[in-house]
Amino acid sequence: MIFKFEVDKLLIKQLQEVETWHRFLPEFDFSSVEDFPKLVSTQHQVNFKLWHQEDLARDPDALDSIISNVKRVIDVLNQRRNDLIEQMDQFLLNIINAENVEINAETEMNSETPGSMIDRLSINALKIYHMDEEIQRGEVTAEHRKKCKAKLSVLKEQRNDLEKCLAKLLVDLSRGEKRLKVYQQMKMYNDESLNPVIYRKAKSS
Numbered sequence: 122m123i124f125k126f127e128v129d130k131l132l133i134k135q136l137q138e139v140e141t142w143h144r145f146l147p148e149f150d151f152s153s154v155e156d157f158p159k160l161v162s163t164q165h166q167v168n169f170k171l172w173h174q175e176d177l178a179r180d181p182d183a184l185d186s187i188i189s190n191v192k193r194v195i196d197v198l199n200q201r202r203n204d205l206i207e208q209m210d211q212f213l214l215n216i217i218n219a220e221n222v223e224i225n226a227e228t229e230m231n232s233e234t235p236g237s238m239i240d241r242l243s244i245n246a247l248k249i250y251h252m253d254e255e256i257q258r259g260e261v262t263a264e265h266r267k268k269c270k271a272k273l274s275v276l277k278e279q280r281n282d283l284e285k286c287l288a289k290l291l292v293d294l295s296r297g298e299k300r301l302k303v304y305q306q307m308k309m310y311n312d313e314s315l316n317p318v319i320y321r322k323a324k325s326s
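Right, here's the structure in full:
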């Protein structure tokens, strides 16, 4: 195995960080990520922030001005989230290339990259925390608690399945049995030259 990090520890840390960050959320330096575990944790924190901004966006009593500001924050975080997914994949690809893993153009690719799978596991960790939180709420009905327990069980099963898929993919990549390509997400709405609302307004002014 050419990757020097332990996948299971990274994913356990995701669950632990969600609990920790609800008590204290540190400020991450997004410009400086020196190792893969730090990169995973940084991307996870972006999802943590996104989750709670999405909650604010759905407040039925929120003023339009607040919703507008929240939407802008969500756009910035979504862009950062996608950038970090690409950075995770590029980090792994750099290791594969540095280790001279033998692959060819016919080697099979996975439809989902490791970075995308780690992102899904990050969201899953947030869902597990908040679903358990619903179970612990004192004022909810027994029926609500029962439904949430069933959902939590499914979320944990999903996490277990996806963890195995990620571990298998990383082994396959390290052996040259799968190949990895990094595709840019090509998000258009944040690019002033590609968003028609923005560039038409700039042209008319």
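The opening position of the sequence shown corresponds to residue 122 in my numbering, with each subsequent residue numbered one higher.
Glycine is no exception: its CB is placed at the ideal position from the N, C-alpha and C atoms.
Quiz prompt | For A226, the first and last residue of its enclosing alpha helix (DSSP H) | solution = Premise fails: A226 is in no alpha helix (DSSP H) and is neither H nor E.
Quiz prompt | For K299 and K130, the rounded distance between their alpha carbons | solution = About 23 Å.
Quiz item: For R179, which three-state DSSP category applies?
Solution: Reduced to three states, the DSSP call for R179 is coil.
Quiz prompt | Beta-carbon proximity of L198 to V167, cut-off 8 Å | solution = Yes. Within cutoff.
Quiz item: Is there a Cβ from chain C that is less than 8 Å from the Cβ of M252?
Solution: In summary, chain C is missing from the structure at hand, where a single protein chain is found.
Exercise. For K125, verify whether its CB is less than 7 Å away from any heavy atom of the ligand ZN.
Key: As for the ligand ZN, it is missing from this structure, which has no ligand bound.
Exercise. Figure out for me which residue from R296, Q137, P147 has the closest Cα to the Cα of I331.
Key: The structure shown does not extend to residue 331, since the chain is modelled only from 122 through 326, so no value can be given for it.
Quiz item: Does the Cβ-Cβ distance between V128 and L294 come in under 8 Å?
Solution: Taking 8 Å as the cut-off, the Cβ atoms of V128 and L294 do not count as close.
Quiz item: Does DSSP put M230 in a helix, in a strand, or in coil?
Solution: Residue state, collapsed to three classes: strand.
Practice problem: Kindly identify the DSSP beta-bridge partner or partners of R266. | Solution: According to DSSP, R266 bridges with nothing at all.
Quiz item: Rounded to a whole number of angstroms, what is the C-alpha to C-alpha distance between E254 and R266?
Solution: In a straight line, the C-alpha of E254 is about 10 Å away from that of R266.
Quiz item: Taking DSSP as the reference, what is the three-state secondary structure of R300?
Solution: Annotated three-state conformation of R300 is strand, per DSSP.
Self-check item: Nearest residue (CA-CA) to N245, options I217, E278, N218
Solution: Cα-wise, what sits closest to N245 is E278.
Practice problem: Report the residue from H173, L205, S274 whose alpha carbon sits nearest the alpha carbon of D156. | Solution: Of H173, L205, S274, the residue nearest in Cα terms is L205.
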